[in-house]
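Enquirer:
In the working numbering, the protein residues as written are 6 to 209.
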């Protein structure tokens with residue numbers, strides 16, 4: 006990436022980061038998204054949780070919950086691409102408001118008196134798979150041992166990809182047994198340090 010001020014050398018973003026650092030924050034600048042993603046990678050920050058937390062902070066700010074003086078000149082509004090890049094650095098070093106972002110969405114929203122704004126399950130921010138359009142994922146998030154994780158039961162396989170069989174993502178019937186099976190399969194794959202995609206045909 007060579008466009009100033011977002012020059013970066015490294016891996017590009019993928020679906021989850023394009024969403025969490027992009028659409029989730031109202032940002033369509035791929036250069037800024039890639040730069041923020043690169044900072045997260047270099048500094049050991051999960052970009053899904055980071056983008057969710059920044060989106061939560063933007064909503065808190067726009068609703069008047071976060072006072073302007075807490076931001077040290079940062080304009081924390083949806084669509085501000087410079088904000089995600091600057092906050093990635095501030096969060097990595099826990100500087101100023103970056104120290105609040107480092108709390109994660111749940112604790113950030115609680116701190117500023119609006120816990121209902123944080124989108125999370127058991128304190129873990131949600132990934133880019135909306136359970137309103139993939140009902141099995143709603144159950145997977147709710148029953149995951151670590152909260153809103155898309156990798157504890159990879160329901161994208163049957164609901165979206167149709168592997169090993171196609172399920173209607175908008176229906177709830179029959180999803181419980183699928184979630185249970187895929188949670189077991191994903192746990193086995195994790196224990197074997199193998200990609201979970203190897204277990205997609207477990208029920209085939």
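We put the beta carbon where it would ideally sit given N, CA and C, even for glycine.
For clarity, every value in this text was computed on a predicted model and none was experimentally measured.
Grouping DSSP H, G and I as helix and E and B as strand, with all else coil, what is residue 16?
Expert: coil
Enquirer: Could you spell out the range, first to last residue, of the alpha helix (DSSP H) harbouring residue 184?
Expert: 180-196
Enquirer: What distance in whole Å lies between the Cβ atoms of residue 95 and residue 84, which are believed to be in contact at a cut-off of 8 Å?
Expert: Not confirmed; about 19 Å, so no contact.
Enquirer: Applying the criterion that 16 or more other CB atoms from any shown protein chain within 10 Å of the CB defines a buried residue, is residue 20 buried or exposed?
Expert: Residue 20 should be labelled exposed.
Enquirer: Which residue or residues does DSSP assign as beta-bridge partners of residue 130?
Expert: 125
Enquirer: Would residue 28 pass as a contact of residue 89 if the rule is Cβ separation under 9 Å?
Expert: Result no, Cβ atoms of residue 28 and residue 89 do not sit closer than 9 Å.
Enquirer: For residue 106 and residue 24, I'd like the C-alpha separation in whole angstroms.
Expert: 18 Å
Enquirer: Quick one, are the C-beta atoms of residue 54 and residue 109 less than 9 Å apart?
Expert: Less than 9 Å divides the Cβ of residue 54 from the Cβ of residue 109.
Enquirer: Around the Cβ of residue 157, are there at least 16 other Cβ atoms within 10 angstroms (buried) or fewer (exposed)?
Expert: buried
Enquirer: Using a Cβ-Cβ cutoff of less than 6 Å, which residues in the same chain neighbour residue 64 once the five nearest sequence positions on both sides are dropped?
Expert: 122
Enquirer: Which of the three DSSP states is assigned to residue 55 in this structure?
Expert: helix
Enquirer: Tell me the DSSP secondary structure of residue 199 in three-state form.
Expert: coil
Enquirer: Determine the DSSP secondary structure at residue 98, reduced to helix, strand or coil.
Expert: coil
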